[in-house]
Structure formats: C-alpha cells, structure tokens
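Colleague: Those protein sequence lines, which keep their order, are chains C and H. Each residue of the first sequence is one higher than the one before, counting from 4 in the numbering used here. Each residue of the second sequence is one higher than the one before, counting from 939 in the numbering used here.
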Amino acid sequence: MAKDPFDSIGTQFSFVAHNVTLTCERLNLPRVIAFRVAFSSSRLPIVITKAKGADKSNFWTSVPEGRQQEAEGVGKLIEEHLKSKDQ
Amino acid sequence: MCYYNGQKVTRDEFIRLKHLEKLVSKYQFLNRDVINGFDFGKSAVLIPTKKENGQEDVELVQMEWGFIPDPLTWPFWETREQVNVGRYPHKDHRGNFVEGLNFLNAVSEEILFKNKVYRKAAIDRRCLFLSSGFYEWRHIFPINKKTGERRKTSVKYPYRIGLKDREFFWMAGIWQQWEDAETGEVVDTAAIVTTKANQLMKQIHNTKERQPTMLSDGLAWEWIFGSLNEKRIQEIASWQIPYEELDYYTLAKDFLSSHDPLKSYYYHDLPPLEVPGGDLNTAVPAGDQQLGLF
C-alpha cells in the first residue's frame, strides 16, 4: 500500500495561518485521513477528512456535514503546511 | 449518485463518510478536555443495561448535558425552540426579563421534592457522568488600598479538580428522554447531581459552596444498579467525597480558549487553601509544570 503522505507530519502538530494558530490532531482511525482542528480564534473546532468525488478527484469535507467551505480551506492549509515541511 | 456536503460522491463513498461520522462522534466525545455546560453539548454518560442472560451490564452513551424535563411536569418546553429560548436569559410574553433555566445541575437536597422536575428521574433513571476533572472558579475580593475595604468585584481563579491517582471518575447523574412535539426529535438529556461542598471545595467554589456528587466505585455501582428507596437515593445523591481524595491545581484565566486548557498555571498572588494537616498546594510554580491527572 502506498505510504500516506500525511504520515510525515505526525499525529499532533500546529501551525499559524492568517494570524490564527491551527492545532491539528490526526484521528487514529485505520485507512482514514481525518484531522480534528482547533483554532486560536473563536472559530469552532472542525473535523475534516479527505473524500473521493464522483469524478475520482479528492476533496476535503467536514465530518459531520455542514461546513464544506471551511473544510476545503482548512484542508488546503494543512496541505500547504505539509509541503512547507517537506521543502 | 449521492451528495455529501453538497459534493457529488459515489454511493460507496457516501456510506464510508456516514460511517466515519459515527466513528468520529464516538472518538470525539471521549476525547475532549473541556466540556462547557452552557454549550449544552453531548457528554459521556454510563447507563445500566442488562445482558441477554439478565446479568447487569453498562453502556457508555452520549447525552445532552442540560436536563429537559418531561413536558408532563414542565409544559413550557415542548419544542426545541422553546428550550433554546428558555435556557438563556430572555424576555417573557409580558416583556419582563427572566433568568434562563439550564437544568445542568440537580441540587441533591431537593432532588426528591414532590414538585421537582427531577423527582421521577432520580427514582427511575439514574446515570453516571464520566469525568477526568471539572472546573470551578475561586473568587478573591481584593482590598481597596485607600479605604481598606473589600472591593465589590472579585478576581476569579480557575481550578481543575479531579481525584488523586484516578484518570477518570464518576459523578451522579439523572436523565430524561425528551421529544420535540413539533419535529419528533428524540434526545436523551441529563443533569449532574450536586451536593454541599466539602472542606476543600468550599474554598475553591467559594461563592456557591457546591460541588458535583463524586462517587466511589461502590457507590457509583449502587447508584445505577441498586434498587434504592428514597432515603438511600437521598443519601448517595448528597454524598460528599472526603477532601483528602481530591487532586487540584490552578489554570490560566483564559484556559477555556487555550490550546492546552489543562496546563497548570501558578499565581503568585493567590493565597493557598487552608487544609488541616495537609500540604495541598494550588499549583506547581511555572517552569516546573507537570499535570497531576494526565
């Protein structure tokens, strides 16, 4: 099985984006990419996961449903953080 | 084809995400450092069940913390909208300001009063709240240096309180199933039973002098499984844990919004608690911070 690219950032990490600290915890669920993210601002914590769209493309979504836009934004920030760590 | 969060996904992916929702809800409700009662969110509650062979068993479930009384005894909350208004300060139909009723805590001394909304639940539906620690604020009234008098506004110091050498413990609770008359939503709701503060808690929660009814394992078992008469229900509900068994430390004043809410915080200006024969301190000084409970 291909190595999960998110394995390299650990189960708990935090970073700052737009002056807000995002504290992320990788949920310990088998074969699932999901993070619980808490914010230093007043924004409520969110759980996001990577899902597969009908067109086979991947997208971030919130679990449970209802915060799609935030999920996409937070997922993008985590990916950017991952890339910056790789460089 | 299905939609999840408005995104087009296959049926298989939809089922996987729905399954993940269940996993996440279970994962989250045991994985939270701080539950604020005024959020009226879900808490982990232990209820008695029976195995097929009739043997006693327990189940850990989620309940809404904030008892919603049976409409037969409390006809004012028949819909979720009424509940949401009634829990917070609001204006009544006459335009008068009224306090909210949150039903988060059931006062043990009154729990069996005939006109109390908790009575039937205390007799028929007792449960246990799972906790790793709870929070109370100690109020210190500074002295006005000019007049020498006590100031009217207090400085509040938050404390986390748990049991020594115990990662988790049980607090007495009672629960009630409630149905929204409008939508048919059915929800299990619960309240934590409180008792008079012991010697230590009197100094921490020094404005109300109350504390949750923290139970020993034996009493916890009896609370949910025992066939109890009213006298015994009253005894257990009012039980006061010995202060020597409590573990506590002070937290930063902004701990509720902190990333690490359980981190201890030492206040140089905070007088120590007075505990006879004990060497119980408020918190370890900064730089030597080690959590007692985790």
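For every residue, glycine included, the Cβ atom is placed at its ideal position computed from N, Cα and C. From a predicted model like this one, the values you see are computed outputs, not experimental measurements.
What span of residues does the beta strand (DSSP E) with asparagine 61 of chain C cover, start to end?
Modeller: 61-65
Colleague: Please indicate yes or no: does the CB of valine 1213 of chain H lie closer than 7 Å to some heavy atom of the ligand FAD?
Modeller: No copy of the ligand FAD occurs in the structure displayed, which carries no ligand at all.
Colleague: Applying a beta-carbon distance threshold of less than 7 Å, which residues of chain H neighbour glycine 56 of chain C?
Modeller: Gln945, Lys946 and Val947, listed in chain order.
Colleague: Flag leucine 32 of chain C as yes if its beta-carbon sits less than 8 Å from any beta-carbon of chain H, otherwise no.
Modeller: yes
Colleague: For the putative contact between leucine 998 of chain H and leucine 1068 of chain H, defined by C-beta atoms under 8 Å, what is the C-beta separation to the nearest angstrom?
Modeller: 7 Å
Colleague: So, is alanine 41 of chain C buried or exposed, given that buried needs 16 or more other C-beta atoms within 10 angstroms?
Modeller: For alanine 41 of chain C, the number of other beta carbons within 10 angstroms of its own is at least 16, and it is reported as buried.
Colleague: Which runs of the beta strand (DSSP E), 3 residues or longer, sit entirely within the segment 1030-1080 of chain H?
Modeller: As far as the segment 1030-1080 of chain H is concerned, its whole beta strand (DSSP E) runs of at least 3 residues are 1043-1045, 1064-1069 and 1072-1078.
Colleague: Across which residues does DSSP place leucine 961 of chain H in a beta bridge pair?
Modeller: In DSSP, leucine 961 of chain H forms no bridge with anything.
Colleague: Please compile the residues from chain C whose C-beta is within a distance smaller than 8 Å of the C-beta of tyrosine 942 of chain H.
Modeller: Ala54, Thr64 and Glu68
Colleague: Label arginine 1088 of chain H either buried or exposed according to how many other C-beta atoms from any shown protein chain fall within 10 Å of its C-beta, with 16 as the threshold for buried.
Modeller: So arginine 1088 of chain H ends up on the exposed side.
Colleague: Using a Cβ cut-off of 8 Å, pull out every chain H residue sitting near glutamine 71 of chain C, in sequence order please.
Modeller: Asn943, Gly944 and Gln945
Colleague: Check whether the Cβ atoms of tryptophan 909 of chain H and serine 981 of chain H lie closer than 8 Å to each other.
Modeller: Residue numbering for chain H in the displayed model covers 939 to 1232; residue 909 of chain H lies beyond these limits and cannot be assessed.
Colleague: Mapping the DSSP letters down to three states, classify tryptophan 1159 of chain H as helix, strand or coil.
Modeller: In the three-state reduction of the DSSP assignment, tryptophan 1159 of chain H falls in the helix class, which pools H, G and I.
Colleague: Given this structure, state the Cα-to-Cα distance separating glycine 1111 of chain H from glycine 1086 of chain H, to the nearest angstrom.
Modeller: 44 Å
Colleague: Which residues in the same chain have their Cβ closer than 6 Å to the Cβ of threonine 1145 of chain H, if we skip the five residues on either side of it in sequence?
Modeller: His1077
Colleague: Rounded to whole angstroms, what's the CA-CA distance from phenylalanine 1193 of chain H to glutamine 993 of chain H? Just pull it up for me.
Modeller: In a straight line, the C-alpha of phenylalanine 1193 of chain H is about 43 Å away from that of glutamine 993 of chain H.
Colleague: For a contact meaning CB atoms closer than 8 Å, what does alanine 37 of chain C contact in chain H?
Modeller: Leu958 and Val962
Colleague: Using 8 Å as the limit for Cβ to Cβ distance, is leucine 955 of chain H near chain C?
Modeller: yes
Colleague: Could you compute how far the alpha carbon of serine 1196 of chain H sits from the alpha carbon of histidine 21 of chain C?
Modeller: 18 Å
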